[in-house]
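In what follows, a single structure is set out as structure tokens and then discussed.
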Amino acid sequence: DQQVKQNSPSLSVQEGRISILNCDYTNSMFDYFLWYKKYPAEGPTFLISISSIKDKNEDGRFTVFLNKSAKHLSLHIVPSQPGDSAVYFCAASARNQGGKLIFGQGTELSVKP
Amino acid sequence: ETGVTQTPRHLVMGMTNKKSLKCEQHLGHNAMYWYKQSAKKPLELMFVYSLEERVENNSVPSRFSPECPNSSHLFLHLHTLQPEDSALYLCASSHGPSGGTYNEQFFGPGTRLTVL
Chain D
7 DQQVKQNSPS LSVQEGRISI LNCDYTNSMF DYFLWYKKYP AEGPTFLISI SSIKDKNEDG
67 RFTVFLNKSA KHLSLHIVPS QPGDSAVYFC AASARNQGGK LIFGQGTELS VKP
Chain P
7 ETGVTQTPRH LVMGMTNKKS LKCEQHLGHN AMYWYKQSAK KPLELMFVYS LEERVENNSV
67 PSRFSPECPN SSHLFLHLHT LQPEDSALYL CASSHGPSGG TYNEQFFGPG TRLTVL
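So the sequences go chain by chain: D and P. Residue 7 is where the first sequence starts when you use our numbering, and the numbers rise one by one after that. Residue 7 is where the second sequence starts when you use our numbering, and the numbers rise one by one after that.
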């Protein structure tokens, strides 16, 4: 049973527009969520996180939204740039379940000039 | 060297070989992890070491044997692997756990393993 799901394997967006990457989870005990970005031949790099006590966290062009009732989080990138083209993974953890990260399958974002 | 490094970057081995993957972190972290990433699948946590003690072993077959001699180094010893073990093996490190959570993890570039 996959606890963290990214149902869109790929997304294509025009440069300058908004990219919205979605993630759903099933475990209501998750209380910390992260987004990672991965370029080919490199390991994932941490992008942004959010605690369950918040519903929004912003860092420059990146904003993560959390909807706990829907068990859904999203990553907004605006404006999108060609250098944002990568695979994006969401991850979740639960404090009372050891806190280890559970990852989604990833969404490959392509930003076209 | 900065961040998390992994060697080798690519490895091809036969099913009867014995090889080791190495990971080194230069971030002053005290927790280290091994993950496996197969094609089209999420990252799968294999092992967690915190303060050089193994705290997590996610039902990984015994043909994978981790070793953490100190907080900066992590090894994954491989023996009698199967072709289905071919994958990208990622090492990560972090502070923590603190307050019961694992803080942001920093990943190495991975070792692309092919088992023939």
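All C-beta atoms, glycine included, are put in the ideal place defined by N, C-alpha and C.
Could you spell out where the beta strand (DSSP E) holding residue i opens and where it closes?
{"i": "N73(D)", "result": "68-73"}
{"i": "V93(D)", "result": "92-99"}
{"i": "F36(D)", "result": "First-last for F36(D): undefined, no H or E at that position."}
{"i": "V84(D)", "result": "Note, V84(D): premise wrong, no beta strand (DSSP E); not H, not E."}
{"i": "P75(P)", "result": "70-76"}
{"i": "V19(D)", "result": "16-20"}
{"i": "K62(D)", "result": "62-65"}
Please work out which residues of its chain come closer than 6 Å, Cβ to Cβ, to residue i, disregarding the five sequence neighbours upstream and downstream, and give them in chain order.
{"i": "V18(P)", "result": "T120"}
{"i": "V93(D)", "result": "K44, G112, E114"}
{"i": "Y26(P)", "result": "Sequence check: residue 26(P) is Ser here, not Tyr. Contacts found: F81, H83."}
{"i": "A37(P)", "result": "S56, S100, G102"}
Leaving out five residues on either side along the sequence, give the residues of the same chain with a beta carbon under 8 Å from the beta carbon of residue i.
{"i": "S78(P)", "result": "E30, Q31, H32"}
Kindly indicate which residue of the options has the alpha-carbon position closest to the one of residue i.
{"i": "S68(P)", "options": "E58(P), L82(P), H101(P)", "result": "L82(P)"}
{"i": "S100(P)", "options": "R15(P), L57(P), G20(P)", "result": "L57(P)"}
{"i": "A47(D)", "options": "L96(P), G102(P), E110(P), F112(P)", "result": "L96(P)"}
{"i": "M35(D)", "options": "P119(D), Q9(D), E21(D)", "result": "Q9(D)"}
For residue i, I'd like the list of residues in its chain whose CB is within less than 7 Å of its CB, leaving aside the five on either flank, ordered along the chain.
{"i": "M52(P)", "result": "W40, Y41, K42, N64, V66, F70"}
{"i": "S86(D)", "result": "V19, E21, G22, R23, I24, S25, V117"}
{"i": "P88(D)", "result": "E21, V117, P119"}
Taking the DSSP output, what are the residues bridged to residue i?
{"i": "A98(P)", "result": "Y39(P), F113(P)"}
So, residue i versus residue j, is the Cβ gap smaller than 7 Å?
{"i": "G110(D)", "j": "P48(P)", "result": "yes"}
Any chance the CB of residue i is under 6 Å from a heavy atom of the ligand ADP?
{"i": "S80(D)", "result": "No copy of the ligand ADP appears in this structure; indeed no ligand is present at all."}
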